[in-house]
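Residue numbering for the sequence shown follows the UniProt record's numbering, starting at 1 and increasing by one per position.
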Amino acid sequence: MAKGKYEYWLTPEGLLKLEGWARDGLTDKQIAENIGVSERTFTGWKKNYPAIYSVLKKGKEVVDRQVENALLKRALGYTYDEVTIEGGVETKRVTKEVAPDTTAQIFWLKNRKPEDWRDKREITTNDNDQVMDFIKAMRNDSAK
Numbered sequence: 001m002a003k004g005k006y007e008y009w010l011t012p013e014g015l016l017k018l019e020g021w022a023r024d025g026l027t028d029k030q031i032a033e034n035i036g037v038s039e040r041t042f043t044g045w046k047k048n049y050p051a052i053y054s055v056l057k058k059g060k061e062v063v064d065r066q067v068e069n070a071l072l073k074r075a076l077g078y079t080y081d082e083v084t085i086e087g088g089v090e091t092k093r094v095t096k097e098v099a100p101d102t103t104a105q106i107f108w109l110k111n112r113k114p115e116d117w118r119d120k121r122e123i124t125t126n127d128n129d130q131v132m133d134f135i136k137a138m139r140n141d142s143a144k
């Protein structure tokens, strides 16, 4: 195989390798290094050859879904069975509970509902006017 030739990477075997690397979590830069081309060349291949673009997208989507599912599971908490095996025989089974993880919950909410959960809030002129009106009202009340 001539390393770095796009023709090979359009074959079923080449496309399968690309999809696997994407599924394994490699970045485009790392995949380009594995192929033996520059990242710029690889980006060009993705634009010019839909088959390459498609398998990379497919490979990355699988892992993204798995990570999303794992994050959600951690955010909500879960139970699992801990099994003890002695001499090839199950001797004990205990159901254990993992509590919901607030850090995972915060991460999920900040990314899924940023308008409600982001740290920085944009203050509009209208908000400033309301705040100033509130401050003036408080001053008037305290002066009485």
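From the three backbone atoms N, C-alpha and C, an ideal C-beta is built for every residue, glycine too.
Values in this document were obtained by computation on a predicted structure and should not be read as measured data.
Quick check on DSSP: helix, strand or coil for residue i?
i: P100; result: coil
i: Y8; result: helix
i: R118; result: coil
i: D81; result: strand
i: K113; result: coil
i: M1; result: Only weak support is given to the placement of M1: the predicted model assigns it a pLDDT of 40, under 50, and the question is left unresolved by the model.
Could you check which residue in the options has the C-alpha nearest to that of residue i?
i: V67; options: I31, G20, G36 and W108; result: W108
i: K58; options: E7, E19 and I31; result: E19
So residue i is in the alpha helix (DSSP H); what residue range does that whole segment cover?
i: D28; result: D28 to I35
i: Y53; result: P50 to L76
Taking only the alpha-carbon atoms, compute the straight-line gap between residue i and residue j and give it to the nearest angstrom.
i: K3; j: E86; result: Confidence in K3 is poor, its pLDDT being 47 and thus under 50, which makes the residue's placement unreliable; the coordinate value appears in the next sentence. The straight-line gap from Cα to Cα measures roughly 51 Å.
i: P100; j: K5; result: 49 Å
i: R74; j: I106; result: 12 Å
i: D28; j: D119; result: 31 Å
i: N69; j: V63; result: 10 Å
i: E97; j: Y8; result: 49 Å
Sufficient close CB pairs (3 or more, under 8 Å) joining the region 46–65 to the region 83–97: By the Cβ test, the region 46–65 is not in contact with the region 83–97, since fewer than three Cβ pairs between them sit closer than 8 Å.
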